[in-house]
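Q:
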DNA sequence: AATTTTTAGTGAACGGTGTTTACTTTTTGA
DNA sequence: TCAAAAAGTAAACACCGTTCACTAAAAATT
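Protein chains in written order, with the working numbering: chain B, 1 to 224; chain Y, 1001 to 1224.
(1) In whole angstroms, what separates the C-alpha of residue 1180 (chain Y) from that of residue 180 (chain B)?
(2) Which residues in chain B sit within 7 Å of residue 1180 (chain Y), going by Cβ to Cβ distance?
(3) If residue 21 (chain B) sits next to residue 60 (chain B), beta carbons under 8 Å apart, how far is it from one beta carbon to the other, in whole angstroms?
(4) Within 8 Å, do at least three Cβ pairs link the segment 195 to 207 of chain B to the segment 152 to 168 of chain B?
(5) Do you know whose CA, among Y:1110, Y:1217 and Y:1027, lies nearest residue 1156 (chain Y)'s CA?
(6) Quickly, what does DSSP pair residue 162 (chain B) with across the bridge? List them, please.
(7) Please determine, among Y:1162, Y:1204, Y:1038 and Y:1221, the residue with the shortest C-alpha to C-alpha distance to residue 1103 (chain Y).
(8) Could you give the C-beta distance for residue 1175 (chain Y) and residue 1149 (chain Y), rounded to a whole number, given that I count them as a contact under 8 Å?
(9) Need the endpoints of the alpha helix (DSSP H) that residue 112 (chain B) sits in, please.
(10) Looking only at its own chain, which residues have a Cβ that is under 8 Å from the Cβ of residue 50 (chain B), when we skip the five neighbours before and after it?
(11) What does the Cβ neighbour count give for residue 1178 (chain Y), buried or exposed, with the cut at 16 atoms within 10 Å?
(12) Check this for me: beta carbons of residue 1183 (chain Y) and residue 1108 (chain Y), under 8 Å apart or not?
(13) Examine chain Y for any beta-carbon lying closer than 8 Å to the beta-carbon of residue 229 (chain B), and answer yes or no.
(14) Look at the Cβ atom of residue 187 (chain B), then the Cβ atom of residue 121 (chain B), and state whether they are nearer than 8 Å.
(15) What's the C-alpha gap between residue 1214 (chain Y) and residue 215 (chain B)?
(16) Should residue 1017 (chain Y) be flagged as near chain B, meaning a C-beta pair shorter than 8 Å?
(17) Quick check: residue 93 (chain B) and residue 161 (chain B), are their CB atoms within less than 8 Å of each other?
(18) Throw me the rounded Cβ distance for the residue 98 (chain B) and residue 212 (chain B) pair, which I believe falls under 8 Å.
(19) Please work out which residues of its chain come closer than 7 Å, Cβ to Cβ, to residue 11 (chain B), disregarding the five sequence neighbours upstream and downstream, and give them in chain order.
(20) So which residues of chain Y does residue 218 (chain B) contact, with C-beta pairs closer than 7 Å?
(21) Does the beta-carbon of residue 137 (chain B) have 16 or more other beta-carbons within 10 angstroms, so that it is buried, or is it exposed?
(22) Which residue wins for smallest C-alpha separation from residue 1117 (chain Y), given the options Y:1066, Y:1173 and Y:1143?
(23) For residue 1032 (chain Y), which residues in the same chain have their Cβ closer than 8 Å to its Cβ, ignoring the five residues on either side in sequence?
(24) Evaluate residue 1101 (chain Y) with the Cβ neighbour count: other Cβ atoms within 10 Å of its Cβ, from every protein chain shown; 16 or more gives buried, anything less gives exposed.
(25) Mind checking whether residue 1043 (chain Y) and residue 1064 (chain Y) have CB atoms under 8 Å apart?
(26) Does DSSP put residue 89 (chain B) in a helix, in a strand, or in coil?
(27) Once the 5 residues before and after residue 112 (chain B) are set aside, which same chain residues still bring their CB inside 6 Å of it?
(28) Secondary structure at residue 63 (chain B), three-state DSSP: helix, strand or coil?
(29) Going by beta-carbon coordinates alone, are residue 208 (chain B) and residue 105 (chain B) separated by less than 8 Å?
(30) Could you check which residue in B:90, B:154, B:145 and B:206 has the C-alpha nearest to that of residue 81 (chain B)?
(31) Chain B beta carbons: is any one of them nearer than 8 Å to that of residue 1210 (chain Y)?
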């Protein structure tokens, strides 16, 4: 019992083979998902794509939800990476903070199905599993992204650029909600910021910048 | 052909009977929908509730989507009514504008399934029917609600409370997106503004007020 | 090396969905 | 009264996620 961990090296050939197939399933799923979203991804069609029987998928994933959850987590990894890249630059704070939130929206725009699914699946899975010994929100990629945002706001307060009476955690949630709203709008209304397919409004890029600016303005203190 | 409209009074008994049944279907659907949302509402269970065969529904609605669309439109009617009630009060503008957007979020919170469905179904139906002679966005309840918001911002600009360089239409969309984000957060994360079922954050009501204040601040001009 | 045990993979089925088709019954209008 | 239109239905179609009983292959144990 003591030397149990010596039975295999860090991963046996069998384990490596297994996770290779898992990855192949995920990869095929990712392709379909990016094109057709969560509803368009069916276990049956997925199985057909990789020449397996539908039941075979269940040897690697306990449910479709679990499979999709992995795609979502990978997506949040992508967001986190990109946001961190902005945070770590040395551009002036006011510019950097605006870039940071705009980038968040930008990525959501590029993978709309991922973004929509990442937030619309929550209720079902969150309500039914309050498993107490879980990894926990703080360590999930989503949680990490939130912490980056909160840190940024704390920095702004220290610099005197943001109002001193702000609670960074509350302000971060508010700012996040604001960006989330724009992301969702773009995801669900393809022509946004145009309300109809036809004409006249500013470009999406400019709108994102405006919205980010607007949200950051709300946090700023006004000393002149 | 000229006196066609005299064939019946404004509505024949047959027509009244028909729309009564239609209303009965919608009413039963509304009940299920409020409890279980769009996915939980099935034509088959609905038919069972009102002692009809599933196929019978299709004599009144051409698809499930059309049925759900009517529920959504009614919901937007509710939002519009409530927002208008605030707009028409004579409280000071800065308070009134905050109340207005907070009310929007409040109603979304009270009927989460309606709100979520109203925005998550859009892409599919919007992309495939650019019927050019349509009723049009401007006259839909959603469109009217937007116009109210834009009008409010225009008023703020005239009063000198909001920045003069704002485009009311753009600012309205940004403000709307901001409120939409909070509404969606609350809808999909039941514990929001708490990120986890357990502890410590401000009350939801206070958070909504904070968020509304934050968004309006972004619009304000700073004269002192 | 032989044998047991575990794992990978499958076909068929269960219960569910939205929707269509062919059919019967009822209601309506001339 | 009688043809036409509308209301209503049972049965089927084509999907869906998931489970079950089963076989074939690989791994582990003796």
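A virtual CB, placed ideally from N, CA and C, is assigned to each residue, including glycine. Note that the structure is predicted; figures quoted are calculated from it, not measured.
A: In this structure, then:
(1) Stepping through the second chain from its first residue, residue 1180 (chain Y) is reached at position 180. Stepping through the first chain from its first residue, residue 180 (chain B) is reached at position 180. One C-alpha to the other measures close to 8 Å.
(2) Residue numbering aside, residue 1180 (chain Y) sits at position 180 when the second chain is read from its first letter. Correct list: 181, 184 and 185.
(3) Within the first chain, residue 21 (chain B) is the residue found at index 21, counting from 1. Within the first chain, residue 60 (chain B) is the residue found at index 60, counting from 1. Their Cβ separation, rounded to whole angstroms, is 7 Å, which keeps residue 21 (chain B) and residue 60 (chain B) in contact under 8 Å.
(4) Flag = no, the segment 152 to 168 of chain B and the segment 195 to 207 of chain B do not touch.
(5) On the second chain, residue 1156 (chain Y) is found 156 positions in, with the first residue counted as 1. It is Y:1217.
(6) Indexing the first chain from 1 puts residue 162 (chain B) at position 162. In the DSSP secondary-structure assignment, residue 162 (chain B) is bridged to B:220.
(7) As a working mapping, residue 1103 (chain Y) is identified with position 103 in the second chain. Out of Y:1162, Y:1204, Y:1038 and Y:1221, the CA that lies nearest to the CA of residue 1103 (chain Y) is found in Y:1204.
(8) Translated into positions along the second chain, residue 1175 (chain Y) becomes position 175. Translated into positions along the second chain, residue 1149 (chain Y) becomes position 149. The Cβ separation is near 6 Å, so the contact holds.
(9) Counting from one through the first chain, the residue named residue 112 (chain B) turns up at place 112. Run containing residue 112 (chain B): 112 to 120, per the alpha helix (DSSP H) assignment.
(10) By one-based count along the first chain, residue 50 (chain B) stands at place 50. Around residue 50 (chain B): 24, 25 and 28.
(11) For this step, residue 1178 (chain Y) is matched to residue 178 along the second chain. Per the 10 Å Cβ criterion, buried.
(12) The residue labelled residue 1183 (chain Y) in the question sits at position 183 within the second chain. The residue labelled residue 1108 (chain Y) in the question sits at position 108 within the second chain. Yes, the pair counts as a contact, with Cβ atoms nearer than the cut-off.
(13) Because chain B in this structure spans residues 1 to 224, residue 229 (chain B) falls outside the shown range and cannot be described.
(14) Taking the first chain and counting its residues from 1, the one referred to as residue 187 (chain B) is at position 187. Taking the first chain and counting its residues from 1, the one referred to as residue 121 (chain B) is at position 121. Taking 8 Å as the Cβ cut-off, residue 187 (chain B) and residue 121 (chain B) do not qualify as a contacting pair.
(15) Position 214 of the second chain, counted from the start, is the residue given in the question as residue 1214 (chain Y). Position 215 of the first chain, counted from the start, is the residue given in the question as residue 215 (chain B). Residue 1214 (chain Y) and residue 215 (chain B): Cα-Cα distance of roughly 7 Å.
(16) Locating residue 1017 (chain Y) in the second chain gives position 17, where the first residue counts as 1. It does not: the Cβ of residue 1017 (chain Y) has no partner Cβ on chain B nearer than 8 Å.
(17) As a first step, residue 93 (chain B) must be located in the first chain, where it is residue number 93. As a first step, residue 161 (chain B) must be located in the first chain, where it is residue number 161. Judged by beta-carbon spacing, residue 161 (chain B) lies within the 8 Å limit of residue 93 (chain B), meaning their Cβ atoms are closer than that value.
(18) The residue you call residue 98 (chain B) lines up with position 98 of the first chain. The residue you call residue 212 (chain B) lines up with position 212 of the first chain. Distance from residue 98 (chain B) to residue 212 (chain B) at the Cβ level is roughly 5 Å; contact confirmed, criterion being Cβ atoms closer than 8 Å.
(19) Position 11 of the first chain, counting from 1, holds the residue named residue 11 (chain B). Hits under 7 Å: none found.
(20) Translated into positions along the first chain, residue 218 (chain B) becomes position 218. Result: 1214, 1215, 1217 and 1218.
(21) The residue given as residue 137 (chain B) occupies position 137 in the first chain. With fewer than 16 other Cβ atoms within 10 Å, it is exposed.
(22) Here residue 1117 (chain Y) is taken as the residue at index 117 of the second chain, counted from 1. Closest option to residue 1117 (chain Y), Cα to Cα, is Y:1066.
(23) Here residue 1032 (chain Y) refers to the residue found at position 32 when the second chain is read from its first residue. For residue 1032 (chain Y), same chain residues with a beta-carbon under 8 Å away, outside a window of 5 residues either side, are 1040, 1041, 1045, 1046 and 1049 in chain order.
(24) Looking up residue 1101 (chain Y) in the second chain gives position 101. That one is buried.
(25) Indexing the second chain from 1 puts residue 1043 (chain Y) at position 43. Indexing the second chain from 1 puts residue 1064 (chain Y) at position 64. In this structure, residue 1064 (chain Y) lies closer than 8 Å to residue 1043 (chain Y) by Cβ.
(26) To locate residue 89 (chain B), count along the first chain from 1; it is residue 89. In the structure shown, residue 89 (chain B) sits in coil (DSSP, three-state: anything other than H, G, I, E or B).
(27) For the purposes of this step, residue 112 (chain B) is taken as the residue at position 112 of the first chain. Excluding residues within five positions, the ones whose Cβ falls inside 6 Å are 187.
(28) Here residue 63 (chain B) is taken as the residue at index 63 of the first chain, counted from 1. Here residue 63 (chain B) sits in coil by DSSP.
(29) Translated into positions along the first chain, residue 208 (chain B) becomes position 208. Translated into positions along the first chain, residue 105 (chain B) becomes position 105. Against a cut-off of 8 Å, the Cβ pair of residue 105 (chain B) and residue 208 (chain B) comes out as a contact.
(30) For this step, residue 81 (chain B) is matched to residue 81 along the first chain. Ranking the options by Cα distance to residue 81 (chain B), first place goes to B:145.
(31) Here residue 1210 (chain Y) refers to the residue found at position 210 when the second chain is read from its first residue. By the rule that beta-carbons nearer than 8 Å mark a contact, residue 1210 (chain Y) touches chain B.
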